[in-house]
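165 is the number that UniProt numbering gives to position 165 of the sequence shown; each next residue is one higher, with no gaps.
Cβ atoms here follow ideal geometry from the backbone N, Cα and C, with glycine treated the same way.
Predicted model, so just to flag it, every value in this text is computed and none were measured.
Input: a single structure, listed below in structure tokens.
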Amino acid sequence: MKTLVIVTHPDIEKSVINKKWIDELKKYPEKYTVHQLYKAYPDGKINVAEEQKMMESYDKIIFQFPFYWFSSPPLLKQWLDEVVLYGWAYGSNSGFKLAGKKMTLAVTAGIDEDGYSKSGEYKYTMKELFRPYELTFDYIKADYKEPFVYYGIERDSSDEWINRSIPMYLEFLDNL
Numbered sequence: 001m002k003t004l005v006i007v008t009h010p011d012i013e014k015s016v017i018n019k020k021w022i023d024e025l026k027k028y029p030e031k032y033t034v035h036q037l038y039k040a041y042p043d044g045k046i047n048v049a050e051e052q053k054m055m056e057s058y059d060k061i062i063f064q065f066p067f068y069w070f071s072s073p074p075l076l077k078q079w080l081d082e083v084v085l086y087g088w089a090y091g092s093n094s095g096f097k098l099a100g101k102k103m104t105l106a107v108t109a110g111i112d113e114d115g116y117s118k119s120g121e122y123k124y125t126m127k128e129l130f131r132p133y134e135l136t137f138d139y140i141k142a143d144y145k146e147p148f149v150y151y152g153i154e155r156d157s158s159d160e161w162i163n164r165s166i167p168m169y170l171e172f173l174d175n176l
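Encoded structure:
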């Protein structure tokens, strides 16, 4: 079954790595469906029923985004609030429509990995910073998997550094 990759990038045309990942994923339409939230909903008005129907039709769902103020870009938070609803994704009468689906994050981070440590610049690990996502996916009974994080894009945005990430990202997706 194909993997749904929900991309949330507020300015994808200026992206140096997320745009490259999208271009690579689109080379394999038999394996991946790329759904770009900012392109689908430039006005921020989300079609909840359409999004829920799409989510139900995939067994693997990846949320791809640049790490943005120690979280995701705002449209992903809005999307989660509006789409992952009581009575559909959770609650005693919901049927837990996303239960058992493999879900995770694919995130690009500006600084190196050691910056996300107790002794690093930001004092917390990515695992700690991703806990709200882990808890959310656990709450809706999805099968949360460890995220893919590609660090250091502010330090090195060369084609070589970006291209190095592509086979790692594809392997991560294929091994979910």
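Pick from the options that is closest to residue i, judged by C-alpha positions
{"i": "residue 45", "options": "130, 32, 76 and 23", "result": "76"}
{"i": "residue 32", "options": "94, 57 and 17", "result": "57"}
{"i": "residue 125", "options": "67, 93, 22 and 49", "result": "67"}
{"i": "residue 95", "options": "102, 84, 104 and 105", "result": "84"}
{"i": "residue 43", "options": "10, 141, 135 and 174", "result": "10"}
{"i": "residue 13", "options": "36, 120 and 5", "result": "36"}
{"i": "residue 21", "options": "50, 140 and 65", "result": "65"}
{"i": "residue 128", "options": "52, 110, 60 and 71", "result": "71"}
{"i": "residue 151", "options": "41, 108 and 166", "result": "108"}
{"i": "residue 167", "options": "25, 49, 34 and 41", "result": "25"}
{"i": "residue 140", "options": "81, 34, 91 and 30", "result": "91"}
{"i": "residue 142", "options": "118, 101 and 113", "result": "101"}
Continuous beta strand (DSSP E) stretch holding residue i: start and end
{"i": "residue 106", "result": "102-108"}
Beta-bridge pairing of residue i - partner residues as DSSP gives them
{"i": "residue 60", "result": "3 and 102"}
{"i": "residue 149", "result": "107"}
{"i": "residue 159", "result": "Paired residues: none, contrary to the question."}
{"i": "residue 71", "result": "68"}
{"i": "residue 86", "result": "90"}
{"i": "residue 144", "result": "103"}
Inter-residue Cα distance where the pair is residue i and residue j
{"i": "residue 171", "j": "residue 62", "result": "13 angstroms"}
{"i": "residue 156", "j": "residue 18", "result": "14 angstroms"}
{"i": "residue 2", "j": "residue 47", "result": "22 angstroms"}
{"i": "residue 54", "j": "residue 73", "result": "21 angstroms"}
{"i": "residue 105", "j": "residue 147", "result": "5 angstroms"}
{"i": "residue 38", "j": "residue 28", "result": "22 angstroms"}
{"i": "residue 116", "j": "residue 123", "result": "6 angstroms"}
{"i": "residue 78", "j": "residue 131", "result": "18 angstroms"}
{"i": "residue 88", "j": "residue 144", "result": "18 angstroms"}
{"i": "residue 134", "j": "residue 158", "result": "31 angstroms"}
{"i": "residue 153", "j": "residue 93", "result": "44 angstroms"}
{"i": "residue 169", "j": "residue 6", "result": "14 angstroms"}
{"i": "residue 137", "j": "residue 99", "result": "9 angstroms"}
{"i": "residue 180", "j": "residue 165", "result": "Missing from the structure shown is residue 180; the chain here goes from 1 to 176 and no further."}
{"i": "residue 176", "j": "residue 60", "result": "8 angstroms"}
{"i": "residue 103", "j": "residue 163", "result": "24 angstroms"}
{"i": "residue 51", "j": "residue 110", "result": "30 angstroms"}
{"i": "residue 41", "j": "residue 15", "result": "18 angstroms"}
Run of the alpha helix (DSSP H) containing residue i, from where it starts to where it stops
{"i": "residue 33", "result": "Not the alpha helix (DSSP H): residue 33 falls in the beta strand (DSSP E), residues 32-36."}
{"i": "residue 217", "result": "Since the first residue of the chain shown is 1 and the last is 176, residue 217 is not available in this structure."}
{"i": "residue 17", "result": "Unbroken run through residue 17: none, as it is neither H nor E."}
{"i": "residue 128", "result": "126-129"}
Any chain C beta carbon closer than 9 angstroms to residue i
{"i": "residue 58", "result": "Any reference to chain C falls outside this structure, which holds one protein chain only."}
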